[in-house]
Amino acid sequence: MGSLVRTMLSALFGVVVGAGLVLFYMQFQPPVRTVAVPSPPTSPVEVRNVDKPAEKPAEQPPPPVGQPAVLDDQVVAAVYERVSPGVVGITTTGTRPSDDSPERGSGSGFIIDTDGHVLTNYHVVEGAQRLQVSLADGTRWRGEVLGRDPASDLAVVRIDAPKDKLKPVPLGDSDAVKVGQLAIAIGNPFGFDRTVTVGIVSSVGRSLRGRSGRSLTNLIQTDAAINPGNSGGPLLNARGEVVGVNTAIENPTGNRVFVGIGLAVPVNSGKRFLPDMLAGKKVNHAWLGIAGMEITPDLAEEQKLPAKEGVIVNETTKDGPASKAGLKGSGTDAGTGDIITAIDGKRVTKVEDIISYLDAKKSPGDTVKLSILREGKEQTVDVQLGEFPEQQPAPRRTR
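The opening residue of the sequence shown carries number 2 in this note's numbering; numbering runs sequentially from there.
If you want it as structure tokens, here you go:
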């Protein structure tokens, strides 16, 4: 009898200990991070109408969009292996305007076709007297700026390299980017070539004052580390498609070191104007010719404005499109200017809404219909758009 009791107690002890170990393991097992990984494209996005046979489907494709997959190093490694051969380093030599001394710069870019075209930031090649492009195989090629779009901070560089050395990177759809998606940046920060950093899309639709004096709109914000030298490199999705061109670091300290906010020009901005840049032309953007201010609830209440949202026209550029159409800015006596509430029937809440619409839909010479409030009364004004000037003339106040 005593032997039987001891046997039963031993068995019970084993069950309790075993359950405790399982509970301990489950409690302290690290969580598995998941991310939606879209399936790879059946063929790369081409920037020219060139017939190309479809690629063979992967033997083990990742899950379709919307289905979670465990995020491990294989996802990023696969994208890096596929894309990094198409990422290039760009070294520039120029002259410092202040004293004519030599000035060197560096950045990144990526190959977009087998004709030797490289997409990068305009500020990477601005003022360069000599360009050198380094490929993944270590070879270096002299480059020339073929087309430029200062207002979007984009440029196309051409190199005369053999086609078998050129590995184009597929272009994706930046309009499909969603907050929280995987973001992969490849570039040459501080001269460390083809460095990969990983994060997520932190936000979309950001704006930043560009070097041209015009706002860069619809920027993609990411926490993937972007540092000096990354400019012009690709921001990629989980398919390995370019969704943005890394362009800036938001840093209030001014020391040009990554602090968690990187910004990229959406690739769709480049797609619309690529034909002009590939043809060796400067891109011309449509221009309204105003300086405006977003109406906030506090501003509307403080100024007793007739609208709770829209853009107040503070100033119009002398002889610019808006001025010629009769738009009125705020007077020197702090009177309220015209309030733009819509453009071609599309709601306007901030200046960037106007710029984004013009970039996506309009060209210099086109006409837009502005819905405005003037002294509390609704009106419509037709404005023939001009061409955005590289050196923008100063706006003026009108009554």
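All C-beta atoms, glycine included, are put in the ideal place defined by N, C-alpha and C. Keep in mind it's a predicted model, so treat the numbers as computed, not measured.
- Beta-bridge analysis with DSSP links residue 383 to 370.
- Annotation for residue 235: the continuous beta strand (DSSP E) segment containing it runs 235-237.
- Given a length threshold of 3 residues, each whole run of the beta strand (DSSP E) inside the stretch 268-311 is given here in chain order: 291-295.
- Around the Cβ of residue 367, a 10 Å sphere holds fewer than 16 other Cβ atoms; the residue is exposed.
- In this structure, residue 89 and residue 136 form a Cβ contact; the two beta carbons are roughly 6 Å apart against a cut-off of 8 Å.
- The three-state reading of DSSP puts residue 83 in helix, counting H, G and I together.
- The three-state secondary structure of residue 388, taken from DSSP, is strand.
- Excluding residues up to 5 positions away in sequence, 287, 369, 386 lie with their Cβ nearer than 8 Å to the Cβ of residue 363 in the same chain.
- In this structure, residue 134 keeps its C-beta atom at 8 Å or more from the C-beta atom of residue 148.
- Across the set 270, 208, 284, 273, the C-alpha of 208 shows the shortest separation from the C-alpha of residue 249.
- Measuring C-alpha to C-alpha distances from residue 106 to each of 315, 126, 390 identifies 126 as the nearest.
- The DSSP-derived three-state label of residue 155 is strand.
- By the C-beta density criterion, residue 316 is buried, having at least 16 other C-beta atoms within 10 angstroms.
- A Cβ-Cβ contact shorter than 8 Å links residue 145 with residue 132.
- Secondary structure at residue 232: coil, using DSSP grouped into helix, strand and coil.
- Under the three-state reduction of DSSP output, residue 347 falls in the strand class.
- For residue 150, the enclosing beta strand (DSSP E) starts and ends at 141-150.
- Ranking 192, 325, 247 by CA distance to the CA of residue 175 puts 247 first.
- In the displayed model, residue 331 falls within coil according to three-state DSSP, outside both helix and strand.
- Judged by DSSP secondary structure, residue 322 falls outside any beta strand (DSSP E) and instead within the alpha helix (DSSP H) spanning 322-325.
- Membership of residue 89 in the beta strand (DSSP E) is indicated by the continuous run 88-96.
- Under the DSSP assignment, residue 246 falls outside any alpha helix (DSSP H), being part of the beta strand (DSSP E) whose first and last residues are 243-250.
- Secondary structure of residue 200 (DSSP, three-state): strand.
- In the DSSP assignment, residue 104 is bridged to 95.
- Scanning 129, 75, 152, 115 for the CA closest to the CA of residue 284 turns up 152.
- Residue 185 is positioned such that its CB atom lies no closer than 8 Å to that of residue 202.
- The beta carbons of residue 87 and residue 169 sit closer together than 8 Å.
- Just measuring C-alpha positions, the residue of 244, 190, 311 sitting nearest residue 178 is 244.
- With a cut-off of 8 Å on Cβ pairs, the stretch 320-327 is not in contact with the stretch 346-355, counting fewer than three such pairs.
- Following the DSSP letters along the chain, one finds residue 126 inside the alpha helix (DSSP H) bounded by residues 123-126.
- Shown here for residue 301: same chain residues with a beta carbon closer than 6 Å to its own, the five before and five after excluded, namely 309 in chain order.
- Within 10 angstroms of the beta-carbon of residue 389 lie 16 or more other beta-carbons, which makes it buried.
- Counted as a single uninterrupted DSSP element, the alpha helix (DSSP H) harbouring residue 352 occupies residues 352-362.
- Residue 111 carries a strand assignment under DSSP once its states are collapsed to helix, strand and coil.
- For residue 134, the enclosing beta strand (DSSP E) has its first and last residue at 131-135.
- According to the DSSP assignment, residue 186 belongs to the beta strand (DSSP E) that extends over 183-188.
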